[in-house]
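Position 6 of the sequence shown, counted from 1, bears residue number 398 in this note's numbering, the numbering being contiguous throughout. Every residue, glycine too, gets a C-beta built ideally from N, C-alpha and C. Here the structure is a predicted model, which is why all the values come from computation and not from measurement.
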Amino acid sequence: MTRKFAVEMLPLFASGQLKPIIDSRYPFDRIADAHIAMGANANTGKILIDISSAGD
393 MTRKFAVEML PLFASGQLKP IIDSRYPFDR IADAHIAMGA NANTGKILID ISSAGD
């Protein structure tokens, strides 16, 4: 299944034909909140962690 996904679906994401649905974004310092949100199973898309400010 993973190989089939990589062969058939990843090119569609790369070309922009498919786009992931983003439910929410969390800064790295709120990763625990993101984990709680994921555990609640209430998201309808991807939960993103912004690491651009991690370690500042």
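Label residue 398 either buried or exposed according to how many other C-beta atoms from any shown protein chain fall within 10 Å of its C-beta, with 16 as the threshold for buried.
Against the sequence shown, residue 398 aligns to sequence position 6. Residue environment: residue 398 is assigned as exposed (fewer than 16 neighbouring CB atoms within 10 Å of its CB, all protein chains considered).
Neighbour-count burial assignment, residue 434, 16 or more Cβ in a 10 Å radius:
On the sequence shown, position 42 is the one that residue 434 refers to. Exposed, because fewer than 16 other Cβ atoms sit within 10 Å of the Cβ of residue 434.
What residues are listed by DSSP as bridge partners for residue 419?
On the sequence shown, residue 419 is found 27 positions in, with the first residue counted as 1. Per the DSSP secondary-structure output, residue 419 pairs in a beta bridge with 442.
Would you check if the distance between the CB atom of residue 441 and the CB atom of residue 419 is smaller than 9 Å?
By 1-based counting over the sequence shown, the position of residue 441 is 49. By 1-based counting over the sequence shown, the position of residue 419 is 27. Yes.
Per DSSP, residue 414 forms a beta bridge with which residues?
Counted from its first residue, the sequence shown places residue 414 at position 22. Paired residues: 438.
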